[in-house]
Every structure is written in C-alpha cells, then in structure tokens.
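The sequence shown begins at 3 in the numbering used here and counts up one residue at a time.
Yeah, the Cβ is synthetic: ideal placement off N, Cα and C, and Gly gets one too.
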Amino acid sequence: MKRRRGAAPEPGCLRAWAAESKALAGRWRAARCAGPRGAEAAARQQRGAFGELLLRMRGLPAALPALPLELTVVYNSLLFVMGTSDRVVEGEAEGIRQGLLRVLEACGSSGQDLSTEELWQKVLQEVTDEELRAPLHRLAALQAAWWLATSRLRSVTGLFQLLSSAEDSGRAPCSRGENELLALLKAWRVPAKGASTSLVQSAENLKETLCTAAAFLQGLQELEAGNLPAALSLLQKAAGGFCSKRVLAQIYTCLGCCAQQMGKPQTALQHLKRALQVDFQCLPALSHVAAVYQELGETDAELQALGLLYEALEKNPPSAASFSPYFLIRTELLVHTPILTSLLRRRQPSEVKYLLAQRCLQEGRVADAVEHYLDFLAVLQEGLQQQVPLDGGSALPRIPEAFLEAASALEQDGRHRDAITLCEEVISRTTDLIPRALLLVEEGLEQPESPSPGMGLAGGLLSQKRESLHCLTWRAASYLACDTAGKVLPCHTTSPPPMCLVCDPAASSYLIQALWKLNQKQEAAAHWQKHLERPTGEDGQQEGQGRPFPLYLVSCVKQAAFPQRESLARSIQDYLRSTSQDPFS
3 MKRRRGAAPE
13 PGCLRAWAAE
23 SKALAGRWRA
33 ARCAGPRGAE
43 AAARQQRGAF
53 GELLLRMRGL
63 PAALPALPLE
73 LTVVYNSLLF
83 VMGTSDRVVE
93 GEAEGIRQGL
103 LRVLEACGSS
113 GQDLSTEELW
123 QKVLQEVTDE
133 ELRAPLHRLA
143 ALQAAWWLAT
153 SRLRSVTGLF
163 QLLSSAEDSG
173 RAPCSRGENE
183 LLALLKAWRV
193 PAKGASTSLV
203 QSAENLKETL
213 CTAAAFLQGL
223 QELEAGNLPA
233 ALSLLQKAAG
243 GFCSKRVLAQ
253 IYTCLGCCAQ
263 QMGKPQTALQ
273 HLKRALQVDF
283 QCLPALSHVA
293 AVYQELGETD
303 AELQALGLLY
313 EALEKNPPSA
323 ASFSPYFLIR
333 TELLVHTPIL
343 TSLLRRRQPS
353 EVKYLLAQRC
363 LQEGRVADAV
373 EHYLDFLAVL
383 QEGLQQQVPL
393 DGGSALPRIP
403 EAFLEAASAL
413 EQDGRHRDAI
423 TLCEEVISRT
433 TDLIPRALLL
443 VEEGLEQPES
453 PSPGMGLAGG
463 LLSQKRESLH
473 CLTWRAASYL
483 ACDTAGKVLP
493 CHTTSPPPMC
503 LVCDPAASSY
513 LIQALWKLNQ
523 KQEAAAHWQK
533 HLERPTGEDG
543 QQEGQGRPFP
553 LYLVSCVKQA
563 AFPQRESLAR
573 SIQDYLRSTS
583 QDPFS
C-alpha cells in the first residue's frame with residue numbers, strides 16, 4: 003500500500019528556505035576571495051549551516067514542490083562535507099540515500115530495504131517529474147564521487163548506465179577498445195542550472211573531476227595488475243584531464259614508473275622530469291629518477307639525483323594537502339589506493355643518506371661512502387639514544403648491518419682503528435642477545451615469517467631463535483672484519499647448522515673449513531653434502547649459486563682467503579670414498 007504524499011510547505015516557508023540557501027552560497031563565494039586559509043574556515047562554517055537548513059527542511063513530510071530545493075541543499079551540504087574531510091567516509095554519504103528515500107516518499111513509494119545501487123535504479127526508473135531531473139543528476143554525480151573515492155568503479159559504471167538510459171535509450175554503446183566508464187562520463191549530459199538554484203560547485207566542474215579521477219584510478223588498477231599498455235593509456239588520459247599541479251605531477255610520476263616497468267627507461271625519465279617541472283615538491287619522482295639512472299648504469303647521474311633528493315628533503319618537510327577555495331571536490335580526494343601510496347612514498351632524509359653511502363660503497367667510491375656512512379651513523383646515534391634496535395620495521399637496513407657496512411668502508415679507506423671500533427660496538431650490543439646455549443633449529447622445523455594460526459608459543463620461540471642467529475651472524479662478521487675470526491670456534495654439535503648458515507653460503511663455507519681443520523671430518527662432510535655440494539648439469543656448469551654476499555662482507559671476500567671450494571671438495575670427496583659414503587658411487 004502506497005503512502006499518502008506529503009502536503010507542500012507554506013509558500014512563505016519555501017521562499018525563506020530558498021533565500022537562506024542562496025545567501026549561504028553567496029557567503030561562500032565571498033569567502034573564497036580570502037585565500038585558502040580563510041576559505042577553509044568558512045567552508046567548515048558553511049558545512050554546519052547547510053546541515054542545519056537541511057534538518058529543518060526534513061522536519062516536514064516530503065513534498066514534490068520542495069524536493070528540488072531540498073536536493074540542492076543536500077548537494078551543497080555534502081560538497082562541504084567531502085571538501086573539508088581528510089578522507090572519505092562511506093557513512094557520510096548517508097545524506098544522499100535519505101534524499102532518494104524522500105523522493106520516493108513524495109511519490110508515494112518506498113525503498114528502505116534496498117541497497118544504494120538498487121535505490122538509485124528505482125528512483126531513476128520510476129520518477130519522471132521534470133523538475134527533479136537536474137537535482138537528481140547532480141546528486142548522482144556526487145554519489146559517483148563517493149564511490150570513486152572508495153574504488154567502487156563498477157557501482158559508478160552502473161549508475162551512469164542508468165543516467166544514460168534515462169536520458170537517451172537509443173544511444174549507441176561505446177566503441178570497441180573504448181573505456182566504458184570514461185565513455186559514459188563524457189557522454190553524460192550535465193543538467194542545466196535552474197535560475198533559482200545556487201550551487202557551491204558546478205556540475206560541469208564535478209564532471210571533469212570525475213573523468214580525471216576515473217582515468218587515474220583505472221590506470222593505477224591496470225598498473226597493479228601488470229597490464230602496462232592499458233595502464234599507460236589510462237594514465238595519459240588522466241594527465242590530460244582536470245586536476246591540480248600536485249595531482250598532475252603524481253600522474254606523471256606513475257607514468258614514469260609504468261614506462262620503467264615496460265623496459266623504456268628513457269621514456270620513464272621524460273615523464274619523471276615532467277613531474278618535477280610541474281611540481282618540484284613531488285620528491286618521489288626524484289627518487290624514481292635515481293632508480294632509473296641506476297638501472298641505466300649512470301652512477302654519476304644517480305648519485306646526483308640522490309644528493310638533490312637529500313637536500314630537498316632537508317629543506318622541505320612534508321606538507322599537508324592544501325585546501326582549494328574554488329573546488330570542494332578535487333581529484334586528490336577521490337584517488338586513494340595502496341599502489342599510489344607505495345609509488346609516492348616520501349623517503350626520510352636518513353634513508354636517502356644511507357642509499358648514498360651504500361651506492362658509493364658498491365661502486366668503489368670509498369671516500370664518499372665513508373663520509374655518507376659517518377653522517378648516517380651520526381643521525382642514528384642522535385635518534386637511538388645509544389641503543390641499537392634490532393626490529394625490522396624500518397625501511398633502513400638492520401642497524402648492526404649498517405654499522406658493519408660503515409666498518410667495511412672505513413677499513414677499505416685505511417681507517418682500521420675506526421673500523422675496529424664500529425665492529426666492537428656491534429659485538430658489545432649483541433652480546434646479551436645471544437643465549438649462552440644457543441638452541442639450533444632443525445631445518446625441518448623452518449616456518450614462514452608469519453606463523454600459521456595455532457602456532458602460538460612455538461612461533462614466538464622460532465622468531466626468538468632466528469633473531470639470536472642473526473645476532474650470531476653479525477658478531478661473526480664483526481670478528482672477521484677485525485681479523486680475529488680465529489677467536490670464534492664453532493661448537494661441536496650433531497645437530498644441523500642454524501638457519502643463518504643455511505641461508506648464507508659464505509658462513510657455511512667457513513663452518514665446513516673450520517670443522518675440517520678441527521679434524522671433525524665426518525661432520526664437515528655431512529654439512530658439505532647438505533649445503534655446498536651442487537649437481538653438475540649437462541653443460542658442465544654448477545647449478546644453484548646461492549645468494550650474493552652481504553655488502554659488508556664483500557671486501558672480506560676480496561681480501562680474505564676464503565675456503566678454496568675445489569681443493570676442499572676434492573678432499574671431502576676422497577674422505578667420503580674412503581668411508582664408502584661417496585655420493586657418486
């Protein structure tokens with residue numbers, strides 16, 4: 003049974019509401035001239051004022067004569083809600099749903115049990131009042147903005163299919179290869195603004211913002227999925243759209259990353275440089291420039307880019323997103339995805355300083371590496387309060403590893419005492435973190451980094467053991483760098499080697515050599531068979547080369563007499579044959 007339609011409000015009341023709405027919109031236009039800061043404060047005031055007006059209007063039953071004005075107030079009120087929010091909250095769009103229910107109520111229908119998508123379908127298919135067409139279309143555009151902000155692209159596509167069907171049932175579908183959502187948005191006929199309507203942001207402007215955001219979002223989705231040509235095309239469309247310089251620089255940064263993944267580093271550099279030309283504060287673009295130069299092997303350009311990035315980060319701390327006094331709904335409010343956050347991650351100055359040190363050491367620029375490492379360690383010492391944290395949450399390396407890399411640079415630069423001092427620091431900081439009787443972990447008990455449900459205490463113990471083994475590895479590397487490796491002798495055990503030895507072929511080699519020299523030949527042979535023996539393929543090449551050495555061990559690899567694999571292997575094979583354990587017999 004249909005409900006009775008509500009009686010129209012008194013003409014005087016309706017005129018008063020219309021005048022108040024018009025005055026609020028005029029007040030906003032005047033406040034925009036005060037600049038971003040004054041406009042932002044005014045926007046928050048207007049948000050409350052439009053909300054109060056809407057509550058008074060909804061205090062009466064829904065009536066068709068009042069609905070065009072009511073939906074316009076809903077539109078203006080929610081523009082301020084979104085424009086003054088740091089992030090979009092789905093529940094804040096409830097005002098749109100209530101507006102649609104009021105429309106159905108005035109028409110003698112209901113839709114309380116319908117989803118928002120179903121509610122829009124019912125309203126657009128059943129409500130034919132011409133006075134409501136323009137307000138409903140504007141409200142639909144605002145609904146699309148909310149859905150784009152929560153990456154509900156299918157819902158947006160469905161909504162504009164409904165708008166298109168209501169406008170022109172004979173419109174031809176989008177051509178092959180054309181993006182359906184972008185085609186629907188571009189084909190949408192923006193409703194004319196009525197003479198008595200006062201909007202705080204035009205529907206034409208909102209349409210352009212929706213088109214840009216839709217292209218940007220879909221481009222990011224394709225990039226994340228690895229569909230690079232499609233991503234490139236959509237991001238290029240977004241770059242030609244309506245947005246601020248800040249967003250345009252972000253789009254060019256994403257285009258650069260896309261081109262780099264496509265194996266086009268020169269094109270990537272063009273896009274990234276364009277991003278910096280548009281907005282030099284888009285520092286993630288500079289970080290990606292350094293990565294492209296590294297890929298090209300242009301070390302001088304790479305280090306120069308990292309140096310510029312470090313200087314810019316030191317001078318320009320991160321700033322909050324600026325408020326626009328002209329456009330409440332902006333592209334930057336609608337595009338929030340994990341991949342964008344990842345691509346635009348702003349590095350800390352200490353991270354860049356470490357990258358400079360690391361790259362200089364890798365490229366043999368020892369003097370420069372020493373300078374950068376010492377600067378980096380000075381920052382660490384200030385922030386760590388004389389403690390060496392061992393957690394792996396930072397994007398920087400584990401702190402003991404950074405100390406060891408710095409020690410390696412100092413040693414190569416001839417500053418042996420300084421190198422030894424750093425190594426002794428690592429040893430002293432990790433001494434209390436290694437149990438007196440280190441429990442070795444059976445290889446068969448190795449578990450993934452994230453314990454499965456039900457592991458409980460076992461997972462925690464495994465993590466503790468793994469951490470203790472990391473500490474043991476760092477201590478061993480420190481003694482090795484101090485040229486006192488002879489002070490560390492492996493304990494006699496019948497258990498398999500710890501996981502750090504399984505993961506690090508250099509440590510396994512040292513263990514086997516030490517066991518062999520200690521005349522523990524059976525154990526040395528067992529470890530050799532398990533960890534260093536490699537089958538020979540048909541081409542005569544050894545398979546499975548293992549992981550590269552850590553950077554802090556590279557100089558040791560070059561300078562120290564590492565176990566001679568061939569001679570040691572021959573000795574072990576002779577031993578195995580003599581004990582009838584030859585793996586090749």
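Quick check: the Cα distance between residue i and residue j, rounded to an integer number of angstroms?
| i | j | result |
| --- | --- | --- |
| L257 | A240 | 10 Å |
| Q223 | V337 | 11 Å |
| C484 | Q220 | 55 Å |
| A217 | T423 | 56 Å |
| S557 | F405 | 15 Å |
| Y77 | A185 | 24 Å |
| L379 | A95 | 49 Å |
| T496 | W530 | Unreliable placement is indicated for T496, whose pLDDT of 36 sits below 50; no coordinate value is reported for it. |
| P231 | E334 | 24 Å |
| I401 | R99 | 53 Å |
| W476 | S410 | 13 Å |
| R191 | Q306 | 50 Å |
| K124 | L116 | 9 Å |
| L491 | E413 | Residue confidence for L491 is low, a pLDDT of 36 falling below 50, so the modelled location carries little weight and cannot support an answer. |
| Q296 | R49 | 50 Å |
| Q238 | S87 | 28 Å |
| G53 | P319 | 36 Å |
| A292 | F551 | 24 Å |
| A408 | G265 | 34 Å |
| L376 | R29 | 57 Å |
| R579 | K519 | 19 Å |
| P399 | G37 | 44 Å |
| G85 | R46 | 9 Å |
In chain order, what residues of the same chain lie with their CB nearer than 6 Å to the CB of residue i, ignoring the 5 residues before and after it?
| i | result |
| --- | --- |
| E525 | L517 |
| A136 | P193 |
| D370 | C362 |
| T118 | R99 |
| K247 | V280 and D281 |
| L225 | A233 and C260 |
| A64 | G8, R104, E107 and A108 |
| I514 | A526, H529 and W530 |
| A51 | L26 |
| A44 | A33 |
| L570 | none |
Starting from the C-beta of residue i, find all residues in its chain whose C-beta is less than 7 Å away, skip the five residues before and the five after it, and write them out in chain order.
| i | result |
| --- | --- |
| H273 | Y254, L257, G258 and A261 |
| H290 | T255, G258, C259 and L274 |
| C284 | A251, Q252, T255, A277 and L278 |
| Y577 | K523 and A527 |
| S1 | Outside the shown range of the chain (3 to 587) lies residue 1, about which nothing can therefore be said. |
| P70 | E133, L134 and P137 |
| S480 | L406, C425, V428 and I429 |
| L346 | Q252, T255 and P286 |
| A143 | A205, L208, K209 and L212 |
| G160 | E119 |
Tell me which residues share the same chain as residue i and place their Cβ nearer than 8 Å to its Cβ, disregarding the 5 neighbours each side in the sequence.
| i | result |
| --- | --- |
| Q114 | L103 |
| G101 | E72, L73, V76 and L141 |
| A27 | N78, S200, L201 and V202 |
| V129 | V105, L106, C109 and L138 |
| A606 | Since the first and last residues shown for the chain are 3 and 587, residue 606 lies out of range. |
| G97 | L56, V76, S79, L80 and V83 |
Taking residue i as part of the alpha helix (DSSP H), name the residues at either end of that continuous run.
| i | result |
| --- | --- |
| V76 | L69 to G85 |
| R419 | H418 to T432 |
| L141 | E132 to A151 |
| K266 | It is not in any alpha helix (DSSP H) - K266 carries neither H nor E in the DSSP assignment. |
| P399 | First-last for P399: undefined, no H or E at that position. |
| K532 | First-last for K532: undefined, no H or E at that position. |
Any heavy atom of the ligand GTP closer than 7 Å to the Cβ of residue i?
| i | result |
| --- | --- |
| A371 | For the structure depicted, the ligand GTP is absent and the ligand set is empty, with no information on it obtainable. |
| message | Three or more C-beta pairs under 8 Å: does that hold for the stretch 351-363 against the stretch 307-318? | response | Touching, per the Cβ criterion.
| query | With a cut-off of 8 Å, do at least 3 Cβ pairs link the stretch 338-347 to the stretch 355-368? | reply | Fewer than three Cβ pairs drawn from the stretch 338-347 and the stretch 355-368 lie within less than 8 Å of each other, which leaves the two stretches out of contact.
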